[in-house]
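In terms of the UniProt record's numbering, the numbers along the sequence shown are unbroken and rise by one, the last being 309.
Below is one structure, written out as structure tokens; the observations come after it.
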Amino acid sequence: MDFWPEFLASSWGKEFVAGGIGGVAGIVSGYPLDTLRIRQQHSTSGSAITLLRNIMSNGGPAALYRGMGAPLASVTFQNAIVFQTNAVLCRAFDPSATDNRPPSYKAVALGGFGTGALQSLILTPVELVKIRLQLQDLGSSNNIDLNSSRRGPMQVAKNIFKTEGYKGLYRGLTITMLRDAPSHCFYFWTYEFMREKLHPGCRKTGQETLRTMLVAGGLAGVASWVCCYPLDVVKTRLQAQSKFKFQKYSGIVDCFYKSVKEEGYRVLWRGLGTAVARAFVVNGAIFSAYELSLRCLNNNGGFHAENTI
Numbered sequence: 001m002d003f004w005p006e007f008l009a010s011s012w013g014k015e016f017v018a019g020g021i022g023g024v025a026g027i028v029s030g031y032p033l034d035t036l037r038i039r040q041q042h043s044t045s046g047s048a049i050t051l052l053r054n055i056m057s058n059g060g061p062a063a064l065y066r067g068m069g070a071p072l073a074s075v076t077f078q079n080a081i082v083f084q085t086n087a088v089l090c091r092a093f094d095p096s097a098t099d100n101r102p103p104s105y106k107a108v109a110l111g112g113f114g115t116g117a118l119q120s121l122i123l124t125p126v127e128l129v130k131i132r133l134q135l136q137d138l139g140s141s142n143n144i145d146l147n148s149s150r151r152g153p154m155q156v157a158k159n160i161f162k163t164e165g166y167k168g169l170y171r172g173l174t175i176t177m178l179r180d181a182p183s184h185c186f187y188f189w190t191y192e193f194m195r196e197k198l199h200p201g202c203r204k205t206g207q208e209t210l211r212t213m214l215v216a217g218g219l220a221g222v223a224s225w226v227c228c229y230p231l232d233v234v235k236t237r238l239q240a241q242s243k244f245k246f247q248k249y250s251g252i253v254d255c256f257y258k259s260v261k262e263e264g265y266r267v268l269w270r271g272l273g274t275a276v277a278r279a280f281v282v283n284g285a286i287f288s289a290y291e292l293s294l295r296c297l298n299n300n301g302g303f304h305a306e307n308t309i
């Protein structure tokens, strides 16, 4: 009975809950744009508006949220691990960091790099299931596994495991790690740098305004996507393939080569506009929800109006 009070009294518990709240805020606010991004990356033609109309006409508004259960179910744990791991690694890379002395920007960047690499182990199966669900109504003409048609995330995951084993669930692990390590490096570094620029001294006091959280978080998300977007396009195309269907791409390099050869270099940036718009909204929500939740859990919630806008 004393578990939750003791859990929330610890820094790990507070980070866990705040990270989960931030993750949920990010998923709900940005999932429709994420579905549109995945469709753009996998499609060989069509503008964002055209694809959006097709999604709405075929499945209605609910189609924009298809597959959300997989990331939403794991987002509390995943985000708690991400934020907590980053905090631990930052202190490891800068042992002189304390509550009153934030870690150096170098430590933040290295901590983010390590966090991205480690979280790929959690994220790869989740994103694999999400991508299969988001693309499931495109049919066999687009090399999508039809066994996933009209099924939920657990059913899709079980089907992948049954037909392809653990290796199938981790299809795309290498490309996910290559994407997430540098992207998280830019992600956390940009947030720390921009919050300090927008609200000088806030890295020490932790009292930046909501506006600062939203803008700094949004810019952090944009930076993390721009630096790794071609890798994300390749990841989407590789994870969309099923082992028992015709595999157009044999690996990362082959996917790069064939995609560029058939569609030009612009294919590596297809859907970037959608991803950037989503990244600003989602990561502004994530960091704001995370920071505000952490303040409340720390009983630091004297939110005066002039200090929160």
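Using N, Cα and C, we set each Cβ at its ideal position, and we do this for glycine too.
| Check | Outcome |
| --- | --- |
| Backbone CA spacing between K106 and V82 [nearest angstrom] | 18 Å |
| Check whether Q119 and R270 have beta carbons under 8 Å apart | no |
| CB contact flag (T171, L128, <8 Å) | Here residue 171 turns out to be Arg, not Thr, going by the sequence shown. In contact: R171 and L128 (Cβ atoms closer than 8 Å). |
| 3-residue-minimum beta strand (DSSP E) runs that sit fully inside the UniProt repeat "Solcar" (208-296), ordered along the chain | none |
| CA nearest to the CA of V260, picked from P61, F113, L231 | L231 |
| Sub-8 Å separation of V233 and L210 beta-carbons | no |
| Cβ neighbours of residue 354 in the same chain (closer than 7 Å, five flanking residues each side left out) | Outside the modelled stretch of the chain, which goes from 1 to 309, sits residue 354, for which no answer is possible. |
| Assigned secondary structure, residue 320 (DSSP; H/G/I helix, E/B strand, else coil) | Outside the displayed range of the chain (1 to 309) lies residue 320, so it cannot be described from this structure. |
| Anticipated Cβ contact below 8 Å, G20 with V75, distance rounded | 7 Å |
| Buried versus exposed call for V276 [16 or more other C-beta atoms within 10 Å across all chains shown] | buried |
| Three-way DSSP call (helix, strand, coil) for P153 in this model | helix |
| Coil, strand or helix - E15 by DSSP | helix |
| Sub-8 Å separation of G217 and F287 beta-carbons | yes |
| Residues near G112 by beta carbon distance below 7 Å, same chain, minus five either side | N86, H184, C185, Y187, F188, W189 |
| DSSP three-state assignment for H199, whether helix, strand or coil | coil |
| Sub-8 Å separation of S29 and A285 beta-carbons | yes |
| Cβ-Cβ separation, Y290 to A18 (assumed contact under 8 Å), whole Å | 5 Å |
| Residue from L51, A157, L297 with nearest C-alpha to T124 | A157 |
| Whole-angstrom C-beta distance between G116 and A181, which should lie under 8 Å | 4 Å |
| N- and C-terminal bounds of the alpha helix (DSSP H) containing G111 | 105-134 |
| Same chain only: Cβ atoms within 7 Å of C228, ignoring 5 sequence neighbours per side | R179, P182, S183 |
| Contact set for E196: own chain, Cβ-Cβ below 6 Å, skip 5 residues either direction | R203 |
| Same chain, Cβ closer than 7 Å to L272, five either side skipped, listed in chain order | Y229 |
| D94 in three-state terms, based on DSSP | coil |
| Cβ-based burial, M213 [other Cβ within 10 Å; buried from 16] | buried |
| Given V281 as reference, the closest of W225, N100, Q247 once Cα atoms are compared | W225 |
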